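Engineer: Numbers 1 to 261, taken from the working numbering, label the letters of the sequence shown in order. Would you mind keeping the following structure in view while I ask a few things?
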Amino acid sequence: MRKAWMTFLWLAASAFLAREIPEAQDSRPVSTTWKTAWSYEGAKGAEHWGDLDPEYAACRDGKEQSPIDIRSAEKTDLPAIRFEYKSGPLNIINNGYTAVRVDYIHSGNFMVVGEKRYELKQFHFHRPSEEYIHGKPYDMVLHLMHADSDGHVAGVAVLWKAGSANAAIQQLWRFMPKTEGKLVEIPGVEVNPADLLPRDTGYYTYQGSQTAPPCTEGVTWFVLKTPMEISTEQTTAFARLYPHDVRPVQPLNGRVVKESR
Ligand SMILES: [Zn+2]
């Protein structure tokens, strides 16, 4: 009886985390779940987010906001990141802010760094990259959003530069929903997010935020130093739907970016 009760609590807590944590990421399950609409450009664009809703105040008042331009970094002995990713079902959404977001409920995909273990909740793309490195953006960026069992959020950014076509991107783009809509399950298709990672997982790390409303801080970002290659055709296919789904870079306000050796 006690065991059944504990199981129930565990399931309830898991359900809570599974529902709430993705909503706390920089994209929610569907755009209509945002209490107040926002956009990347125009009257509801990035410079106005903090004024659109009191819940978005961190977008204006936060001191540790993302993305940033990484111009200098302190080389430090940092733990290696280990990605424990595997193939799993493809649940994909065009949510009105990105053409491709892949959602997970209990993905069983983990990112381990030092003593910390984070589970993958969703990943999505921006064009061009939100992160700048030495003053310049890349062609695209992939954000893999994770949370640990206490709800701490860790974002991994993978930068993409023009080059050869990527097979994993090709697979995702095949199922890219052409219009904004609900989450779609693609039967019989599996993706392995490990196929979207560079072999060398050396990184920059800093304390930041979600890069979209409500701009919640407390996100530990890991920006992988080695970019991946994407073909111009692949970037163009995304850009036809979302030519610029990017928040401008934010002030560092004294934050120090650390870099793995
Ligand atoms: Zn993002």
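Idealized CB from N, CA, C, for every residue including glycine. Everything numeric in this text was worked out from a predicted model, so none of it was measured.
Please confirm if the segment 171-182 is in contact with the segment 207-218, defined as three or more CB-CB distances below 8 Å between the two stretches.
Structural biologist: Cβ pair count under 8 Å is below three, so no.
Engineer: Using CA atoms only, rank isn't needed, just tell me which of M111, E47, G88 and H152 is closest to E217.
Structural biologist: As a position in the sequence shown, residue 217 is number 217, starting the count at 1. That would be H152, whose Cα lies nearest to the Cα of E217.
Engineer: What three-state label does DSSP hand P103 in the structure shown?
Structural biologist: Position 103 of the sequence shown, counting from 1, holds the residue named residue 103. Correcting the residue type first, residue 103 is Asp in the shown sequence and not Pro. The answer is strand: DSSP assigns D103 an E or B state.
Engineer: Could you have a look at D51 and say whether DSSP puts it in helix, strand or coil?
Structural biologist: As a first step, residue 51 must be located in the sequence shown, where it is residue number 51. Helix.
Engineer: Kindly indicate which residue of C59, A37 and P54 has the alpha-carbon position closest to the one of R247.
Structural biologist: In the sequence shown, residue 247 corresponds to position 247, counting from 1. Ranking the options by Cα distance to R247, first place goes to C59.
Engineer: Run through the DSSP bridge pairs and tell me what Y206 is partnered with.
Structural biologist: Here residue 206 corresponds to residue number 206 of the sequence shown, with the count starting at 1. According to DSSP, Y206 bridges with W221.
Engineer: Residues in the same chain with beta-carbon distance under 8 Å from N120, minus the five sequence neighbours each way, listed in chain order, please.
Structural biologist: Translated into the one-based positions of the sequence shown, residue 120 becomes position 120. For the sequence presented, residue 120 should be read as Leu rather than Asn. Y85, Y104, S107, N109, F110, M111, L144, M145, H146 and P193, listed in sequence order.
Engineer: What do you reckon, are the CB atoms on T127 and T235 nearer than 8 Å?
Structural biologist: Counting from 1 along the sequence shown, the entry for residue 127 is found at position 127. Counting from 1 along the sequence shown, the entry for residue 235 is found at position 235. Rather than Thr, the amino acid found at residue 127 in this sequence is Arg. Yes; because the gap between Cβ atoms is below 8 Å, this pair is in contact.
Engineer: For G92 versus P177, is the C-beta distance shorter than 8 Å?
Structural biologist: Reading the sequence shown from its first residue, position 92 is the one you call residue 92. Reading the sequence shown from its first residue, position 177 is the one you call residue 177. In the sequence as presented, Gly is not what sits at residue 92; that position holds Ile. Going by C-beta atoms, I92 is nearer than 8 Å to P177.
Engineer: Is the beta carbon of G62 sitting closer than 8 Å to the one on Y56?
Structural biologist: By 1-based counting over the sequence shown, the position of residue 62 is 62. By 1-based counting over the sequence shown, the position of residue 56 is 56. Their beta carbons are not under 8 Å apart, which means G62 does not touch Y56 by this criterion.
Engineer: Can you confirm whether the segment 193-205 touches the segment 36-53 when touching is taken to mean that 3 or more C-beta pairs between the two stretches lie within less than 8 Å?
Structural biologist: Contact fails: fewer than three Cβ-Cβ distances are below 8 Å.
Engineer: Using alpha carbons as the reference points, say which of I230, A99, V191 and A237 lies closest to D139.
Structural biologist: Residue mapping note: residue 139 aligns to position 139 of the sequence shown, counting from 1. Checking every option, the nearest Cα to that of D139 belongs to I230.
Engineer: Using DSSP with H/G/I as helix, E/B as strand and the rest coil, what is I68?
Structural biologist: Here residue 68 corresponds to residue number 68 of the sequence shown, with the count starting at 1. Here I68 sits in coil by DSSP.
Engineer: From the DSSP output, read off the bridge partner residues of N91.
Structural biologist: Position 91 of the sequence shown holds residue 91. DSSP lists E185 as partners of N91.
Engineer: Are F238 and F125 close, meaning C-beta to C-beta below 8 Å?
Structural biologist: Taking the sequence shown and counting its residues from 1, the one referred to as residue 238 is at position 238. Taking the sequence shown and counting its residues from 1, the one referred to as residue 125 is at position 125. Yes, the Cβ-Cβ distance between F238 and F125 is below 8 Å.
Engineer: Please look up how many angstroms separate the CB atoms of I68 and Y203, rounded, as I've assumed it's under 8 Å.
Structural biologist: As a working note, residue 68 is residue 68 in the sequence shown. As a working note, residue 203 is residue 203 in the sequence shown. In fact, because the Cβ distance is near 14 Å, the residues do not count as touching under 8 Å.
Engineer: Starting from E233 and walking both ways along the alpha helix (DSSP H), at which residues does that stretch end?
Structural biologist: Here residue 233 corresponds to residue number 233 of the sequence shown, with the count starting at 1. Note, E233: alpha helix (DSSP H), T232 to L241.
Engineer: Measure from the alpha carbon of G88 to the alpha carbon of each residue in N95, Q122 and Y118, then state which is nearest.
Structural biologist: By one-based count along the sequence shown, residue 88 stands at place 88. Closest by alpha carbon: Q122.
Engineer: Which value, in whole angstroms, describes the spacing of the CA atoms of V158 and S129?
Structural biologist: Taking the first residue of the sequence shown as position 1, residue 158 is located at position 158. Taking the first residue of the sequence shown as position 1, residue 129 is located at position 129. About 9 Å.
Engineer: Considering only heavy atoms of ligand 1, does any lie closer than 7 Å to the CB of H146?
Structural biologist: Working through the sequence shown from its first residue, we reach residue 146 at position 146. Incorrect: H146 has no Cβ contact closer than 7 Å to ligand 1.
Engineer: In this structure, how does DSSP classify K258 when only helix, strand and coil are distinguished?
Structural biologist: As a working note, residue 258 is residue 258 in the sequence shown. In the structure shown, K258 sits in a strand (DSSP, three-state: E or B).
Engineer: How many angstroms separate the CA atom of N94 from the CA atom of H244?
Structural biologist: Position 94 of the sequence shown, counted from the first residue, corresponds to residue 94. Position 244 of the sequence shown, counted from the first residue, corresponds to residue 244. In a straight line, the C-alpha of N94 is about 14 Å away from that of H244.
Engineer: Short of 6 Å in beta carbon distance, which residues of its chain neighbour E259, apart from the five on each side in sequence? Order them along the chain.
Structural biologist: In the sequence shown, residue 259 corresponds to position 259, counting from 1. Only A73, K75 and Y204 meet the Cβ criterion.
Engineer: Cβ atoms of G114 and P137: under 8 Å apart, would you say?
Structural biologist: By 1-based counting over the sequence shown, the position of residue 137 is 137. By 1-based counting over the sequence shown, the position of residue 114 is 114. Cβ distance not < 8 Å, so P137 and G114 don't count as in contact.
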